[in-house]
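A.B. asks:
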Amino acid sequence: MASTPDRDVDIIGFYREKQRLALQLFTMREGKIVGRREFFWEDLDAESFNANEFLGEVLAQYYSTDYVPLEIHVSQDFDDREVLEKALSERRGRKVKILDPKRGKKAEMITLVENNAKIAFEQRFRVMKADVKIILEELQEILELPQLPERIESFDISNIQGAENVAGIVVFENGKPARAEYRRLIIKTVEGANDFASMHEAVFRRYKRLLNEEKPLPNLIFIDGGKRSNLRRRRRDAEFRPRNDPDRRARQTAQTS
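Using UniProt numbering, the letters of the sequence shown correspond one by one to residues 1 to 257.
#1: May I ask you to report which of helix, strand or coil DSSP gives Arg-20?
#2: Excluding sequence positions up to five away, which residues of its chain have a Cβ less than 7 Å from the Cβ of Glu-85?
#3: Indicate whether the contact test is met: 3 or more Cβ pairs, each with one atom in the stretch 11–26 and one in the stretch 116–123, closer than 8 Å.
#4: Considering Cα atoms alone, identify which of Tyr-63, Asp-156, Lys-105 and Lys-18 is closest to Ala-197.
#5: Per DSSP, what kind of secondary structure is Asp-247 in: helix, strand or coil?
#6: How many angstroms separate the CA atom of Arg-205 from the CA atom of Asn-212?
#7: Classify Phe-26 as buried or exposed, calling it buried when 16 or more other Cβ atoms lie within 10 Å of its own Cβ.
#8: For Ser-89, which three-state DSSP category applies?
#9: What does the Cβ neighbour count give for Ile-223, buried or exposed, with the cut at 16 atoms within 10 Å?
#10: Over the uninterrupted beta strand (DSSP E) stretch that includes Ile-166, give me the two end residues.
#11: My assumption, with CB atoms under 8 Å, is that Ile-187 sits in contact with Val-166. Please give the rounded CB distance.
#12: Quick check: the stretch 74–92 against the stretch 49–58, are there 3 or more CB pairs under 8 Å?
#13: Using a Cβ-Cβ cut-off of 7 Å (strictly less than) and excluding sequence neighbours within five positions of Arg-92, which residues of its own chain qualify?
#14: Nearest to Gly-175 by alpha carbon, out of Ile-135, Gly-192 and Met-109?
#15: Runs of 3 residues minimum, wholly inside the stretch 57–89: which ones carry the beta strand (DSSP E) assignment?
#16: Using the three-state DSSP reduction, which class does Lys-97 fall into: helix, strand or coil?
#17: Thinking Glu-153 and Pro-218 are a contact (beta carbons under 8 Å), I'd like their distance in whole angstroms, please.
#18: On the DSSP bridge assignment, give the partners of Glu-153 in chain order.
#19: Would Arg-29 pass as a contact of Asp-8 if the rule is Cβ separation under 9 Å?
#20: Go ahead and pull the three-state DSSP assignment for Ser-229.
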């Protein structure tokens with residue numbers, strides 16, 4: 001039996017605050033909600049954000065690869081709706097409609113999806129509004145750090161079948177990602193999948209360069225690799241820090257206590 005539009009529907013709603021946005025997509029088949037997907041944006045341009053353009057771009061991208069239902073219900077109309085309807089109809093092989101219901105059960109469903117988007121937004125982003133300083137102070141206490149970890153760097157090694165080792169460096173400043181500071185290092189001196197040696201090279205190159213450029217070192221460094229990598233890190237740390245450095249003395253005290 002062929003599907004009818006009211007039995008083959010996707011319902012889309014979103015909730016936004018400044019540069020962050022949560023979008024929910026409810027899948028309705030045979031008159032019942034059978035699936036739900038959620039998507040998040042964290043770095044939208046809050047000043048130039050245009051809901052019509054955003055909605056059109058999201059629908060075009062999503063349905064370029066996903067299943068196309070006979071009807072798509074959205075919270076508002078957008079400029080290229082008819083163009084997108086034509087493109088999706090050609091892809092589906094049947095007439096596809098994009099509607100923005102204003103009353104009745106369809107409008108009620110849009111409101112339901114938007115409310116769910118707001119709940120998802122709260123769950124995803126509200127925790128990020130906690131006092132960052134309190135969180136960093138707790139981290140300092142737990143790890144017995146001599147200073148507040150205002151700058152944190154994390155290393156991870158990946159390789160493709162042992163052919164190329166790559167170190168990824170992620171940086172946080174005052175509890176927030178500093179994406180402009182992220183780095184990717186191609187490991188030069190290690191052959192094969194040797195994560196320990198690769199980590200050794202990555203850490204050495206990273207902080208040798210920071211010292212040469214007289215840039216500040218992080219207050220906290222995370223490295224992947226367990227106890228063996230930690231022992232290598234301690235030896236490398238000793239090479240970089242001068243004997244009279246107070247942070248070094250405090251760290252050595254914490255390690256031996």
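The beta-carbon is built from N, C-alpha and C at its ideal position, and this holds for glycine as well.
Note that the coordinates shown come from a computational prediction; the quantities given were computed from them, not determined experimentally.
C.D. replies: Looking at the atomic coordinates:
#1: strand
#2: Val-96, Lys-97 and Ile-98
#3: yes
#4: Asp-156
#5: Only weak support is given to the placement of Asp-247: the predicted model assigns it a pLDDT of 47, under 50, and the value that follows is read from those uncertain coordinates. Correct three-state label for Asp-247: helix.
#6: 10 Å
#7: buried
#8: helix
#9: buried
#10: What sits at residue 166 in the sequence shown is Val, not Ile. Element bounds for Val-166: 165–173.
#11: 7 Å
#12: yes
#13: Val-68
#14: Ile-135
#15: 71–73
#16: strand
#17: 4 Å
#18: Val-171 and Ile-221
#19: yes
#20: Reliability of the predicted coordinates at Ser-229 is poor, the pLDDT of 49 falling under 50, and no value is obtained from them.
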